[in-house]
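Read the structure below first, then the notes.
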Amino acid sequence: MVVSLVAPRLIMMGGGAVAKLGEALAQLGLSRPLVVTDPFMVSSGLVERALGPLRAAGMVVAVFSETVPDPTDTVIEAGVTVFRAGDFDCLVGFGGGSPMDTAKAIAILAAAPTATHIRAFKVPAQANIAAVPVICVPTTAGTGAEATRFTVITDTERGEKMLIAGLGALPLAAVVDYELTLGLPPRITADTGIDSLTHALEAFVSARANPVSDDYARSAMRLIAPNLRRVWADPANATAREAMMRGATLAGLAFSNASVALVHGMSRPVGAHFHVPHGLSNAMLLPAVTAFGLEAGRARYAEAARIIGVAQEEDADQAAAARLVAELHALNHDLAVPTPAGWGIDAAKWEALLPTMAAQALASGSPANNPRVPDAGQIVALYREAFDG
Ligand SMILES: [Fe+2]
């Protein structure tokens, strides 16, 4: 078996790492960054945590701060216009998943001929070329985007969250500083943390898993599972925040090399049509989707249950796997995750969109990695099951 592994060339990780951002760029021979971020990072002053070190390294820094949640094709085009108007040698994605994904997509689209739309790169196309390297600095723990070969961009005309995959989306470097997450409110902390856990679990049960992605996934689950409730209850807990941040990046490495599966396949259409934050839509689907694949992936789910500490070594696989599903329900309860109905989604609108959502889920390719591969009808049934819990 030949395993093809991808990872950033440089990862700087630890408390205070962001102060070394300028040093990281200089090490890579880069000096003219365009920082891609969002309006909140600017208004809150958090962006200065990145800009300060870059200026201190003698760099002239420009900022593109028009990133939106669930980044859109139109924002990517605006970013490419800014990029092309300047003389930049790299992009720095600073923020949560959205600014990082935006920076990646700008780099990919800017490498293409002028008239190209970003949808030309959605899977199964390969987005292997970037105009310039991307450096990511995550402020949540997190999407793991700092370590993945993926970006997700919304096609505004077609109402679709497109998965874009390839080496062009893989950051050259990641600066991973948990201190940037210390001020995050509990809701965002929980949503992004469950996203990380979902990455690790989906990578671990994926049909495309390999021994190395498994090691990343196991390590990520060990770090995330015991700390998720801690950071929810005590956002200033630095030890728990550090573990979550390391876990999120390791989970990113896991799914970048093993892909995600049915939860993410079904989650993207929920985000596209109803603007549920990404981690939250994962959490809404995670228990039902795990139960759906439980028998087919029994040994893996059982091992996951043991790793996260809800089953013992001596428990039989069937009992251990069942405990995992129970724990995912308990986690949603403890972290106050609403159902889609509880979040305020209209039942009739949900029902009417299910065939479209199921088709979009299947088209992303992610459901094919699931231990039990569903057809469109089974995906519709899972959406119905998750709707009101
Ligand atoms: Fe995710």
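In this note's numbering, the protein residues as written are 12 to 400.
No residue lacks a Cβ here, since even glycine has one placed at the ideal position from N, Cα and C.
Contact between V91 and I117 holds: CB atoms are separated by about 6 Å, below the 8 Å threshold. Boundaries of the beta strand (DSSP E) around G106: C101 to G106. When distances are taken from the beta-carbon of N293 to the heavy atoms of ligand 1, the shortest one is below 7 Å. The bridge partners DSSP lists for P149 are G106. Under the three-state reduction of DSSP, I319 is assigned to coil, being neither helix nor strand. Here M23 carries a strand assignment [DSSP, helix/strand/coil]. Closer than 7 Å to some heavy atom of ligand 1: that does not describe the Cβ of T200.
The C-beta separation of S217 from A262 comes to about 12 Å, leaving the pair out of contact by the 8 Å criterion.
Taking D345 as the centre and dropping the five residues before and after it, the same chain places the C-beta of R240 closer than 7 Å to its C-beta, in chain order.
Ligand 1 has no heavy atom closer than 7 Å to the beta-carbon of D81. Taking all protein chains shown into account, T250 has fewer than 16 neighbouring C-beta atoms within 10 Å of its C-beta and is therefore exposed.
Burial check for T167: the Cβ neighbour count within 10 Å stays below 16, so the residue is exposed. A299 places its beta carbon less than 8 Å from that of E396. Residues of the same chain with a CB within less than 7 Å of the CB of W361, apart from the 5 flanking positions on each side, are P351 and F398 in chain order. Only residues of its own chain outside the window of five on either side were considered, and among them M52, L57, F105, G106, G107, L191, T192 and L195 have a CB closer than 8 Å to the CB of T150, listed in chain order. Counting along the chain, the unbroken alpha helix (DSSP H) around F303 starts and ends at H289 to G304. For F51, the uninterrupted alpha helix (DSSP H) segment begins and ends at P50 to S54. DSSP places P222 in the helix class (H, G or I) of the three-state scheme. Here T209 is not near A180, since their CB atoms are 8 Å or more apart. When beta bridges are read from the DSSP output, L45 appears opposite A73 and L102.
Look at T125 here: in three-state DSSP terms it is coil, with no helix or strand label.
Counting only residues of its own chain and dropping the five nearest sequence neighbours on each side, L32 has a CB closer than 7 Å to the CB of A61, P64, L65, V148 and V186.
Non-local beta-carbon contacts of A28 in its own chain, meaning distances under 7 Å to residues more than five positions away in sequence, involve V186, V187 and D188 in chain order. Secondary structure of V391 (DSSP, three-state): helix. In the DSSP secondary-structure assignment, K133 is bridged to I175.
Between V242 and I175, the gap from beta carbon to beta carbon reaches 8 Å or more. With 16 or more neighbouring CB atoms inside 10 Å of its own CB, Q371 falls in the buried class. CA-to-CA, the gap between A363 and P237 works out to about 39 Å.
Between N381 and G304, the gap from beta carbon to beta carbon is short of 8 Å. Annotation for G40: no residue places its beta carbon closer than 7 Å to its own, counting only its chain and skipping 5 residues before and after. Taking one beta carbon from each stretch, the segment 220 to 236 and the segment 125 to 132 have fewer than 3 pairs nearer than 8 Å; the two do not touch. Annotated as proximal: T203 and G153, with beta-carbon spacing under 8 Å. The C-beta distance from A68 to A114 rounds to 19 Å, too long to meet the 8 Å contact threshold.
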